Amino acid sequence: MQPRLLWCTLLALFAPAANSQAACQAVGSDCEIGCKKVNLPNGLTFDCRVAGPASGQPVLLVHGFPTFSVFWEPLMRSWVRQFKSIASVACDMRGYARAAQPNHTANYSLAAQVLDVVGIANALQFQKFHLVGHDIGSAIGWAVAKHYPSRIYSYTALAVNHLDAWSRMIHGANADPEQQAMSQYIPAWAEVDSATKGAAWLMNMVGFTDTAQWQKVLWSYHNIFGNDLAMPPVMDNTTFAQYGSHPCCGASGLSTVSMQAANMTPAASSPQTRVLGPVDVPVTYICGSKDIYLKCSSDPSSTTANYTFLEVRCGHDLTSFGTREGCDTRSEQKAVFGAVTRMIETFGPPPNKTAQTAASPEVNPNGNMDSLYTRFEKSLLPNFNLYWTVTTTHLEIGIEAKTEGWVAFGIAEDTSGSMIGSDIVMAMVQSDGTVVFSDRHALDFSEPAVDCSQDWEAVSGSKASGWTQVRLRRLLDTQDGEDRPLVESGHGERIVVAYSNNAVFSAWHTERAAVGVWAFRASNGARDPLESLRADPNILQVEVRASPSDPRSRPYFAQTIFEAGGYYSNFAHVHTAGQDCRNPDQYRYCCINHRPNETAPPQQSSSAGVQCPVCGSGSLRSNTTAGYNCYKSDNSLIETDAARNSERGCMSAGGAHYAPWTCGDLQTWTGNPASGVCEGWVARFSRVCCAGVDHYLAQCPSCIEGIPIPASPDSYVDVCFSVNELFPGISAAPGDEWHIVGFEGMIDSISPYDTSDNVHHMTLDAYADDKCERGIYGRSGAAPTIYAWVKGTDPFAMPAEAGFTMSAPFASEPAPVSHTRIMSVALNLHYDNRNMDNSGALDNSGIRLFVSRTKRQHNAGVVQLLDPTVGLNSRPITAGQEGIGKLDVYCPGQCTATWTSPINVFYHFNHMHGAGVAMYNNFFRNNSRYSQAARIDWYDYTFEHASLEKLVIQPGDEIRSTCWFNTLKRREGGYGFRSVAPNSVAFGLKATDEMCISWLNYYPEQTNAVCGINSDCHRLMESNGVPREQLASQTAGSPQELAALRLWPGTSKCQMHSTTPSSSPSPGAATSPSPSGSPTPSSGAPTPSLSASGALAKSAPVWAAFCFVAAAGSIACV
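Residue numbers -20 to -1, 1 to 1098, in mature numbering (1 follows the signal peptide of the UniProt record, and there is no 0), belong to the letters of the sequence shown in order.
In structure tokens, the structure reads:
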């Protein structure tokens, strides 16, 4: 039996529903949403979607017309992926569920559907719950909140206002004629036989094929309107025509078509006969300003309790975005989800996560363990404290958590921090005081393998007043191949921690975290690698951000937009006095490409940093299109073809004119500086003037910092900073040198946007001129990356003896200096907008530099291995039938032999994307491998951490590097993986492409430290007759071949196999290996436990399975 995600196991008893639109269906290997049938005493059975931990806040979601429970999946998945402790259930309601379709129209009253909601809650054993409704589901929800307030923690209504408030907009002296016109479809659908009349045209469009079922769904309109809600009037043609410009009322509008299909006689509105009155539970009402059916209008009289009103830029479908009736952007969708979540976290039962996080941590009334340990980290999770002491031989930990369930601790892989590859121990205290624990290791996002040797010891445990305290210990190095040795690294350790409120190991975690700690340091305090630099008065801190306060002062701003036919670069360059646009090192910044919806010839595609073609002889296209104009850098117009050929077309210094990529028609920006409105092609980037690429205006009334994320799945932004721009007002003697000694990534979304999910990576490249045009190793446009940030990357401090040499800011142009000294840096940001859900959101992320004004002993450098320039761009990954493939790149000894001395490596940063699964750099001397520093056995793209492992490489040493990929699944945020079509993964610059790069920071600096694909060394070797395939090659691999390389080579012989929930015994039971080493149902390795007296207690040898859930994405199941 294949391991599955935890809730898939918990939901294994839930029979899958029928394969129809109304049914909950399989959702793939991530198993974020399960399926359940709920049977009511009235004989109806509802097909339901369920998600989240069973111990979480109970939430019922009631869908509207005609959307089924699938409407709620985006919201449910967002809770799952944020690890919210929310147990959400969304059912296909009466008329939608196949086994809940009674035949008579009277069975579809509001009262009957209110009883359905309460009955579902009873069947789920939700004594009290949060309620969320949409459309007709909101009408049902308002009535549930009114008549069953003791059962409701909070109510959130989407799209439909309080029944009384909405009815007042339809009928009476204060009726709103526009809302009446928008609601003309309602009388047409409320007829008892509307399925064959006014709503017949809509049936197939929304996925129904059975007219009888379609009619049952529509009977809700027949019963509710004119009773619980006012019935809109049937307007005559003349009156209705006044609203013809409204989306709902035009020729093809919903109301128009429905009225025509029903052929109804004009009639007056009818009143609401059953007034609801105020509800007495906390309420949030959310509506869309773009809803074409229901106007957005607040009514605080709806409730006597807490009332919140939220209007968002969305249509009627408030859980989606990017669709005709969804939200404008992902940010708006997130605002909706956030409002719903706040209601749950604010008004739910204890423990109230939001309140606990904001308030001071609670104190264990039984006393804490401060005096027992030398180190502690308080509040790693809400009301979760970790204590430890490291001796010369042992690690002892103490865990204190407000829970009566299990607690967990894991030592993660140094280069990760994920559950994958973690050495894990779980423990809990039973009612008799016995401590039960299990020593395990995680091979994947699945059930962790049970260690054959149980190397932890229980010291003590207690459980009282809702708190659990557990003390455990083990050797620092157990000599067990299934454990991770704990050794002093000098830069802290990655750990995972978790706890559950449920007293069975298979229960879902309540909270989890992946964090870094100083395991060996004697004093307490947060792990901050930069703490000494922050306190040093000689260290200057400077922020290199995406959008400087005055972007017009930047030498260049570049934005690369990826499109289906290739990728193009947008360069806009402010020309300095005397610059020659004909110079190949300079004219590449004089060009601007086609608009994204235009197609450039394939041979003229280019990436950022590659010289672009220009007008005139020598360009990729020398002929010009009629009507084209070229401009000199002084803004004077060149009139003749001959002049164009000699002068090369350049953008004007004022920024008003752009030379097109292919020397085609002139593209002119048409913005209006006076009004601050961005028009023309620039508008595709910006919502506000000066918000990014349109910063070349001479005047701008209200500049807003921030780069607008383009409406493209992937985009790159480059901004250049000279040392003078980094340190305005500071000058030093020409030739003085400083050192960059620390780096810290900064994610900075511009309110009200949230771009934290969009910043894919940031890099900082070093240049030897002040315009980011000549790399520090002398090659035009080629600059080493001195720091890279991706999600999970820690701040980094250089060793005390080294730094990247930087020119000090100067008052005048310095004399020529070494080409290795940094005079400018380029910040490169990759925005991942693959869902096209956050276009236009403003971001100002960047990298903070720590600069020492005292030069250190050694200049640092960067060895770039594997494929540092993505030279394999667009090439598919070679893989076997099981999806495993690898890239091998060889750095021969002839390359490192050019170094003038040994190098001391102190920082390893290895980078792949979501299909990457392992990465190895093997170092050889005299044909013998002497190191495999910073190996990654279980690469996790969402937890990338650098290694600070020390390594000395001698001139003449060889480096053989390998990246391993699984091309059939891609690691993504949240839980687990997403399936990928075979043969669809290629190398490239997109987030869904793959990369294979390794950067090694070292000292002393060498001038030839690039040793990978497309490097000078590889080209030299090829020119000397070495076949390219010997230097870099792709081959298919197998899971078995990869497993043999890893620290834990596959499934442990003591792995506990899965059982069905019905056969699972009580917690604490365990299994042990049979004499042959294979687990059997009748014998098992006892799980160690400690009795209340302190003596080890033996566990009964019965068949069972344990489960562990730890860090982000850390799901371990039975």
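The C-beta atom is built at its ideal place from N, Cα and C for all residues, glycine as well.
As the structure is a computational prediction, the values presented were derived from the model and not from experiment.
With 16 or more other Cβ atoms from the protein chains shown falling within 10 Å of its own Cβ, Glu717 counts as buried. In the displayed model, His84 falls within coil according to three-state DSSP, outside both helix and strand. Separation of Ile916 and Ser978 (C-alpha to C-alpha, rounded to the nearest whole angstrom) is 12 angstroms. Under the three-state reduction of DSSP output, Ile116 falls in the helix class. Here Gly152 is exposed. Its C-beta has fewer than 16 other C-beta atoms within 10 Å. Contact annotation: Val965 and Glu974 have beta-carbon atoms nearer than 8 angstroms. Taking all protein chains shown into account, Gln912 has fewer than 16 neighbouring C-beta atoms within 10 Å of its C-beta and is therefore exposed. For Glu1002, the uninterrupted alpha helix (DSSP H) run begins and ends at Asp996 to Ser1003, by DSSP. The three-state reading of DSSP puts Trp122 in helix, counting H, G and I together. Contact check between the stretch 405 to 425 and the stretch 447 to 455: three or more CB pairs, one atom from each, fall below 8 angstroms, which counts as touching. A direct Cα-Cα distance of roughly 44 angstroms separates Glu462 from Ala103. Pairing Ser351 with Arg909, the inter-Cα distance amounts to about 47 angstroms. Relative to Gln93, the option among Ala31, Asn203 and Gln159 whose CA is nearest is Asn203. Segment contact: the stretch 801 to 813 against the stretch 741 to 754, three or more CB-CB distances shorter than 8 angstroms; contact assigned. The shortest C-alpha to C-alpha distance from Phe776 to any of Phe723, Ser819, Gly783 and Val739 is the one to Phe723. Rounded to the nearest whole angstrom, the C-alpha separation of Gly347 and Glu473 is 28 angstroms.
Residue pairing for Asp745: DSSP places it in a beta bridge opposite Thr765 and Ala806. Fewer than three beta-carbon pairs drawn from the stretch 701 to 717 and the stretch 810 to 825 are found closer than 8 angstroms, and the two stretches are therefore not classed as touching.
Annotation note: the stretch 840 to 923 contains the following uninterrupted alpha helix (DSSP H) runs of length 4 or greater, listed N- to C-terminal: 873 to 876. Annotated three-state conformation of Asn946 is strand, per DSSP. Between the alpha carbons of Arg1008 and Cys875 lies a distance of about 15 angstroms. If the five residues before and after Glu781 are omitted, its C-beta is found closer than 8 angstroms to the C-beta atoms of Arg836, Gln837, His838 and Tyr983, all from its own chain and listed in chain order. Taken in chain order, the complete beta strand (DSSP E) segments of 3 or more residues contained in the stretch 379 to 427 are 387 to 391, 403 to 409 and 415 to 421.
Of the other Cβ atoms in all chains shown, 16 or more fall within 10 Å of the Cβ of Met162; this residue is therefore buried. In the DSSP assignment, Val703 falls within the unbroken alpha helix (DSSP H) covering Val703 to Leu706.
The alpha-carbon of Phe48 is positioned some 20 angstroms away from that of Ala123. CA-to-CA, the gap between Ser249 and Asn207 works out to about 12 angstroms. Listed as beta-bridge partners of Cys15 by DSSP are Arg29. For Gln521, the closest alpha carbon among the candidates Gly865, Tyr165 and Met726 is that of Met726.
The stretch 250 to 262 and the stretch 275 to 291 touch, with three or more beta-carbon pairs separated by less than 8 angstroms.
Taking the Cα of Asn808 as reference, the smallest distance to any Cα among Arg525, His998 and Arg78 is reached at Arg525. Taking the Cβ atoms as the reference, Ala70 lies roughly 16 angstroms from Leu24, outside the contact range of under 8 angstroms.
With contacts defined as CB atoms closer than 8 angstroms, Trp199 and Gly75 qualify as a contacting pair. For Phe317, there is no enclosing beta strand (DSSP E); the residue is part of the alpha helix (DSSP H) that begins and ends at Arg310 to Phe327. Annotated three-state conformation of Gly441 is strand, per DSSP. The three-state secondary structure of His127, taken from DSSP, is helix.
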